[in-house]
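Have a look at the structure below before the remarks.
Numbering (my numbering), first residue to last: 106 to 324.
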């Protein structure tokens, strides 16, 4: 009978609609992800903060050079801010030996290095007298893991972070340039006398970090 076939057809259409609704209900559409990120307070934090440099900038680090000519030079003093706008002063001669770790959110080597640094801290290997400060530099809104505030939070970074003043998409910021950074991650250790003790770039193992820190503090 015609009405019977119509009823069956309508039932089939309803069933299809129900299936579609059920299947698409858990869709992880990027637009939905963007909406979630927008409600995260850290997404409202700045990716660039003003940085004041007091002193002469260091020579650009060359990892292939037999000697680093910046070692023994007086490091410039940096005055900047963290993501929340609190002042951070990098002055080892006043505040004690300081290790700056320059990190870019889009850098795969930085993503690999942060867990090692956190393990280094968990193991209790960080000397009590050493100040460790991360520097969020070379930010790039068009690159992965943006914004940097979210990236640092998601990676579990537990030291202070100075937000570098941007000088262009993905390029070294004011603080990084002043300290002679040339690649990421970039680590510089400044002694209590205010002088550069060591500079390195690239991924380092926990053993390598321990050796660098020990040598720097003993020099």
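Here a beta-carbon is modelled for each residue, glycine too, at the ideal position from N, C-alpha and C.
No experiment lies behind these values; they were computed from the predicted model shown.
Is it buried or exposed, residue i, if we count other Cβ atoms within 10 angstroms and call 16 or more buried?
| i | result |
| --- | --- |
| residue 271 | buried |
| residue 313 | exposed |
| residue 187 | buried |
| residue 181 | buried |
| residue 177 | exposed |
| residue 190 | exposed |
| residue 240 | buried |
| residue 155 | exposed |
| residue 192 | exposed |
| residue 217 | exposed |
When you compare the CB positions of residue i and residue j, do they come within less than 9 Å of one another, or not?
| i | j | result |
| --- | --- | --- |
| residue 235 | residue 317 | no |
| residue 280 | residue 158 | yes |
| residue 219 | residue 205 | no |
| residue 310 | residue 292 | no |
| residue 287 | residue 303 | no |
| residue 277 | residue 183 | no |
| residue 153 | residue 244 | yes |
Could you give the distance in angstroms between the alpha-carbon of residue i and the alpha-carbon of residue j?
| i | j | result |
| --- | --- | --- |
| residue 197 | residue 297 | 5 Å |
| residue 222 | residue 212 | 16 Å |
| residue 268 | residue 246 | 15 Å |
| residue 214 | residue 231 | 21 Å |
| residue 300 | residue 194 | 16 Å |
| residue 257 | residue 171 | 33 Å |
| residue 185 | residue 285 | 17 Å |
| residue 160 | residue 166 | 17 Å |
| residue 200 | residue 274 | 32 Å |
| residue 264 | residue 237 | 6 Å |
| residue 337 | residue 320 | Any answer about residue 337 is impossible in this case: the structure gives the chain only from 106 up to 324. |
Checking the sheet assignment: what are the DSSP bridge partners for residue i?
| i | result |
| --- | --- |
| residue 157 | 184 |
| residue 193 | 185 |
| residue 241 | 208, 268 |
With 9 Å set as the bound, which would you pick, yes or no: does the beta-carbon of residue i sit closer than that to a beta-carbon of chain B?
| i | result |
| --- | --- |
| residue 302 | Chain labels in this structure do not include chain B; a single protein chain is all it has. |
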